[in-house]
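Each residue of the sequence shown is one higher than the one before, counting from 0 in the working numbering. Report on the following structure.
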Amino acid sequence: MTQVKLGRCGIISPKNAFGALPIQRVDDKTAVRLLRKAYANGFTFFDTARAYSDSEHKIGLAMSQSYKTDGYEYIPREKITIATKSGATTPDRLRRDLERSLSELGCGYIDIYQLHNPSFCPKPGDGTGIYETLLEFKAEGKIKHIGITNHRLNVAREAVTSGLYETLQFPFCYLASEADIELVKLCRELNVGFIAMKALSGGLITRSDAAYAFMLRYDNVLPIWGIQHESELDEFISYFDNEPASDELDALILHDRSELSGSFCRGCGYCMPCPAGIEIFNCARMSQLIRRSPSANWLTEEKQKMMENITNCKNCGRCKSKCPYGLDTPTLLRQNLDDYRKIVSGEIKI
């Protein structure tokens, strides 16, 4: 499998990384089996966050010799890279988050410690003390490298050009804009590691082989795949020996880019919670979801109630102001509801 070097931090990983957000949805035994199976089959990079409830705890269990599972041995800490994140906005909270992460993981250090989607680019002397605290962690040997994650292009670019961050984690997939692609190239030029989240665009991309084939075009990009089910893991394991690339996949990528690129909801969830109880991250992209996955799943009575709740929108503008992609979310919701109603009534056939 292709190897990726994450910029100047020097970490090398197979171009297949384990995104551990979804394992918070399964029990300990299932999560540990997935993690250990992933390691046994070649995964060495595991990404998590303090915000992902018990995800760190489950990675810690997978590294524990005392936690037994059938078929797979424990993961040796020194053989893997762990990246985790904190959304703290004060030095005290940042330190509490780090200590909690180390405790949950059951280890003495974190390879890449990332600021989790800050609304600005923390720098020394900015008055927050955030970056200075990260330097303290490094001096104490509790973290090895400083990274940042973001959904805002302007913040991401500032972080990359600042020279302060060794890695950037940013949404990237074959629906990426030209500006997103330029950001990847900028990271390569400035020797900043690029970690790609949302490589399946929150479920809009249904072919992982096409998603992976696109990533092969960029030698400095490490995609992290959110994995919850063993069948998903098996797909990505298969790419270690057989990296997907073909004219058919290139054609699929071109088709999807022409159909889906532009002003669509990525499902990041930063607009939530909604004061009217609208499930924005699904409702605002229903037109794509219902056409790209089994439609019956989205036409149940429960889902129809979910969509009709859009009529309770208070037009407060909160979701629009918080969208890192600058989408007109209320308008997008209304458009998706109108489309959905036509599908339910049979006016539009899918």
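Glycine included, C-beta positions come from ideal geometry on N, C-alpha and C.
Residue(s) in a DSSP beta bridge with residue i
i, result
"Ser224", "Per the sequence shown, the amino acid found at residue 224 is Trp instead of Ser. Paired residue(s): Phe17."
"Met196", "Pro170"
"Ile109", "Ile142"
"Leu114", "Ser85, Ile147"
"Asp46", "Gly18, Ala82"
"Val191", "Gly6"
Reduced DSSP category for residue i - H, G, I as helix; E, B as strand; rest coil
i, result
"Gln168", "strand"
"Gly70", "coil"
"Ala39", "helix"
"Gln2", "strand"
"Ile252", "helix"
"Phe263", "coil"
"Phe280", "helix"
"Thr80", "strand"
"Ile347", "coil"
"Phe239", "helix"
"Phe136", "helix"
"Val25", "coil"
"Ile10", "coil"
"Ala275", "coil"
"Met214", "helix"
"Gln64", "coil"
"Asp125", "coil"
"Thr310", "helix"
"Leu203", "coil"
"Thr330", "helix"
"Ser52", "coil"
"Cys120", "coil"
"Ala30", "helix"
"Ala175", "coil"
"Leu298", "coil"
"Val244", "Correcting the residue type first, residue 244 is Ala in the shown sequence and not Val. Of the three classes helix, strand and coil, the one that applies to Ala244 here is coil, per DSSP."
"Gly59", "helix"
"Cys270", "coil"
"Tyr324", "coil"
Classification of residue i by the beta-carbon crowding that lies within 10 angstroms, buried from 16 upward
i, result
"Asn281", "buried"
"His144", "buried"
"Cys186", "buried"
"Ser262", "exposed"
"Leu221", "buried"
"Ile180", "exposed"
"Pro117", "buried"
"Arg216", "exposed"
"Ser100", "buried"
"Ile109", "buried"
"Pro323", "buried"
"Ala61", "buried"
"Ala295", "exposed"
"Met271", "exposed"
"Asp218", "exposed"
"Asp125", "exposed"
"Ser176", "exposed"
"Pro243", "buried"
Any non-hydrogen atom of the ligand NAD within 8 Å of residue i CB
i, result
"Gly140", "Absence of the ligand NAD is noted for the structure shown, with no ligands found whatsoever."
Distance between beta carbons of residue j and residue i, contact taken as under 8 Å
i, j, result
"Phe136", "Tyr112", "6 Å"
"Gln287", "Leu174", "Going by Cβ atoms, the distance from Gln287 to Leu174 rounds to 10 Å, so no, they are not a contact pair."
"Ala283", "Cys312", "With 8 Å as the limit, Ala283 and Cys312 do not qualify as a contact, their Cβ atoms being about 11 Å apart."
"Leu20", "Gly225", "5 Å"
"Gln168", "Ile142", "Their Cβ separation, rounded to whole angstroms, is 15 Å, which puts Gln168 and Ile142 out of contact at 8 Å."
"Gly18", "Asp46", "5 Å"
"Gly6", "Val191", "5 Å"
"Leu332", "Ile277", "7 Å"
"Lys67", "Ile22", "Not quite, the Cβ-Cβ distance comes to about 18 Å (not below 8 Å), so this is no contact."
"Lys197", "Arg256", "Contact flag wrong, Cβ pair sits at about 15 Å."
"Leu104", "Ile81", "7 Å"
"Lys319", "Thr328", "5 Å"
"Thr205", "Arg76", "The pair is not a contact, with the Cβ atoms about 35 Å apart (cut-off 8 Å)."
"Cys267", "Thr166", "That pair is no contact at about 19 Å."
"Leu156", "Leu182", "Rather than Leu, the amino acid found at residue 156 in this sequence is Arg. Yes, Arg156 and Leu182 are in contact; Cβ-Cβ is about 6 Å, under 8 Å."
Best match in the options for proximity to residue i [C-alpha to C-alpha]
i, options, result
"Lys28", "Gln2, Arg95, Gly59", "Gly59"
"Val343", "Lys302, Cys318, Cys106", "Lys302"
"Ile147", "Gly162, Glu139, Gly140", "Gly162"
"Val25", "Leu253, Tyr51, Gly268", "Tyr51"
"Phe119", "Ser102, Ala158, Glu98, Ser100", "Ala158"
"Asp338", "Pro293, Ile289, Tyr73", "Ile289"
"Phe44", "Glu72, Ile11, Leu133", "Ile11"
"Asn40", "Phe239, Ser85, Ala48", "Phe239"
"Thr88", "Tyr324, Leu104, Lys122", "Lys122"
"Cys106", "Thr127, Gln64, Asp208", "Gln64"
"Glu307", "Ala295, His228, Arg291, Lys341", "Lys341"
"Arg151", "Asp218, Ile129, Ala178", "Ala178"
"Asn93", "Ala210, Glu131, Glu231, Glu72", "First, the residue type needs correcting, since residue 93 is Leu and not Asn in the sequence shown. Nearest of Ala210, Glu131, Glu231, Glu72 to Leu93, Cα basis: Glu131."
"Asp233", "Leu34, Lys4, Ile279, Gln334", "Leu34"
"Leu114", "Thr83, Glu139, Ser237, Thr330", "Thr83"
"Leu189", "Ser176, Thr160, Phe171, Pro170", "Thr160"
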